[in-house]
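What the first sequence shows, in full-length UniProt numbering, is residues 1 to 321, in sequence order. All C-beta atoms, glycine included, are put in the ideal place defined by N, C-alpha and C.
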Amino acid sequence: MTDSHGASTLAPSTFEQQELFPIREVCRLTGINPVTLRAWERRYGLIQPTRTDSGHRLYSLADIEAVRNILAWTERGVAVSKVGSILERSAATRAAGEGQRPAAVQESLDADRGEWQGQLRQAISDFDSVRLEQLYGQIFSTYPLTTVFHDVLLPVWQEWLLRHEEFGRTSEWLFLDAFLRSRVLQRLQLGQTAGAPVVLLAALSAQCRELELLVAGLLLGSDSLTVRVLPSGQPLEELTLVCEKVRPQALVLYANVPPSGAQVRQLNRLTLLLDCPLAVAGEGAALAEDSLRGSPIASLGSGGRQMQQRLQQFLAGRLDT
DNA sequence: ATTCTAACA
DNA sequence: TGTTAGAA
Numbered sequence: 001m002t003d004s005h006g007a008s009t010l011a012p013s014t015f016e017q018q019e020l021f022p023i024r025e026v027c028r029l030t031g032i033n034p035v036t037l038r039a040w041e042r043r044y045g046l047i048q049p050t051r052t053d054s055g056h057r058l059y060s061l062a063d064i065e066a067v068r069n070i071l072a073w074t075e076r077g078v079a080v081s082k083v084g085s086i087l088e089r090s091a092a093t094r095a096a097g098e099g100q101r102p103a104a105v106q107e108s109l110d111a112d113r114g115e116w117q118g119q120l121r122q123a124i125s126d127f128d129s130v131r132l133e134q135l136y137g138q139i140f141s142t143y144p145l146t147t148v149f150h151d152v153l154l155p156v157w158q159e160w161l162l163r164h165e166e167f168g169r170t171s172e173w174l175f176l177d178a179f180l181r182s183r184v185l186q187r188l189q190l191g192q193t194a195g196a197p198v199v200l201l202a203a204l205s206a207q208c209r210e211l212e213l214l215v216a217g218l219l220l221g222s223d224s225l226t227v228r229v230l231p232s233g234q235p236l237e238e239l240t241l242v243c244e245k246v247r248p249q250a251l252v253l254y255a256n257v258p259p260s261g262a263q264v265r266q267l268n269r270l271t272l273l274l275d276c277p278l279a280v281a282g283e284g285a286a287l288a289e290d291s292l293r294g295s296p297i298a299s300l301g302s303g304g305r306q307m308q309q310r311l312q313q314f315l316a317g318r319l320d321t
């Protein structure tokens with residue numbers, strides 16, 4: 001790699017900084033108790049910071065990102081003891097699925113997205129709905145749908161979700177969440193085409209935030225397909241009744257987190273009662289794919305493109321997983 | 001001042 | 001499972 005000519009006077013953020021932080025800094029940045037952080041390391045080996053000569057922990061930027069990742073899962077109701085294997089597998093699939101892209105290209109993509117995200121943060125902390133609206137439109141005109149949400153909008157949204165407990169942040173988060181929900185809902189309704197086959201989408205986990213479900217519905221849909229999203233909180237037991245009325249081509253359940261064994265058994269019972277095929281989608285579905293193999297439940301995986309593609313295969317003929 | 005272990009709730 | 005107490 002030739003060095004990108006360094007006009008970097010103030011922003012060395014492009015290159016991986018080997019900067020190391022003491023535990024109190026990590027805790028200040030993540031809002032987690034230092035003792036808890038040490039407990040995670042001791043009991044689950046989730047992070048392994050380097051030590052100084054005197055034995056003090058030194059955390060890298062990657063370690064801090066890992067902590068944020070862990071928090072993202074615990075926030076969704078996943079037990080800390082189970083996060084380790086999840087992180088392992090998601091890292092493995094990421095490494096396998098991500099064909100090597102030129103580092104320079106990837107870097108400039110990251111920088112662009114970071115720029116948009118910075119402007120979004122500014123608009124949010126200003127409660128500037130006009131600006132937010134503007135940015136939303138501009139982002140939509142520069143990126144494809146899946147990129148808009150997975151790489152630009154949702155990371156910012158999730159970031160706020162983690163800082164939810166901080167003093168002034170709740171109002172900001174509500175502002176962003178309400179804005180995005182209304183916008184996605186609007187787009188979802190625009191995508192409803194009369195006469196097109198209908199797919200029902202509902203949340204599998206009660207912990208699932210409404211926005212995630214709506215976005216999944218948006219990414220799942222296409223011009224030849226109408227996705228109807230049931231409100232989060234929809235009881236699984238009553239889905240048979242809803243399907244009898246709506247008569248969808250398929251029922252898709254959005255799994256935010258890997259389904260528990262009890263949930264899988266419940267889903268298997270559900271397939272017997274339904275008159276339409278059943279599939280699961282989302283990050284949790286992707287992580288549980290192995291355990292769903294050989295069951296009547298199809299996994300659509302995660303990520304916009306993959307989910308949409310697999311759903312169409314699923315509806316057309318068979319999806320061998 | 002910071003870490004570790006072990007007991008506690 | 002996260003927090004506290006006491007020794008190093």
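Under DSSP, the beta strand (DSSP E) around A281 begins and ends at which residues?
278 to 281
With C-beta atoms as the reference, is Q117 less than 8 Å away from V148?
no
Coarse secondary structure for F127, derived from DSSP in three states
coil
Just how far apart, CA to CA, sit E212 and V242?
Computed Cα separation, rounded: 21 Å.
Using the Cα positions of G191 and V184, report the straight-line distance between them to the nearest angstrom.
11 Å
Between the stretch 283 to 291 and the stretch 265 to 273, do three or more beta carbon pairs fall short of 8 Å?
No, because fewer than three Cβ pairs between the stretch 283 to 291 and the stretch 265 to 273 fall closer than 8 Å, the two stretches do not touch.
Integer Cβ distance of V252 from R228, believed to fall under 8 Å:
Rounded, the Cβ-Cβ distance is 10 Å, inconsistent with contact.
How many Å lie between G84 and L161 at the Cα?
21 Å
On the criterion of 16 or more Cβ atoms from any shown chain inside 10 Å, does V130 qualify as buried, or is it exposed?
exposed
Please state if the CB of L219 and the CB of L145 are separated by a distance shorter than 8 Å.
yes
K82: which of A62, R43, S108 sits nearest, CA to CA?
Per the Cα distances, R43.
According to DSSP, is F21 helix, strand or coil?
strand
Where DSSP assigns a beta bridge to A250, which residues make up the other side?
V199
Taking the straight line between their C-alpha atoms, what separation do you get for V67 and Q48?
11 Å
Work out the CA separation of P235 and L109 for me, nearest whole Å.
41 Å
So, with DSSP's three-state summary, where would you put L274?
DSSP places L274 in coil when its eight states are reduced to three.
Cβ-Cβ distance between S205 and A255 below 8 Å:
yes
Evaluate D290 with the Cβ neighbour count: other Cβ atoms within 10 Å of its Cβ, from every protein chain shown; 16 or more gives buried, anything less gives exposed.
By the 10 Å Cβ count, D290 comes out exposed.
Looking only at its own chain, which residues have a Cβ that is under 8 Å from the Cβ of P12, when we skip the five neighbours before and after it?
The predicted position of P12 is uncertain, since its pLDDT is 40 and thus under 50; a value taken from the coordinates is nonetheless stated next. Cβ neighbours of P12 beyond the five flanking positions: none.
Under three-state DSSP, which class holds Y143?
It is coil, neither helix nor strand.
Along the chain, where does the beta strand (DSSP E) that runs through R228 open and close?
Counting along the chain, the unbroken beta strand (DSSP E) around R228 starts and ends at 226 to 229.
Give me the DSSP bridge partner(s) of residue 375.
Residue 375 falls outside the range modelled here, since the chain spans only 1 to 321, and no answer is possible.
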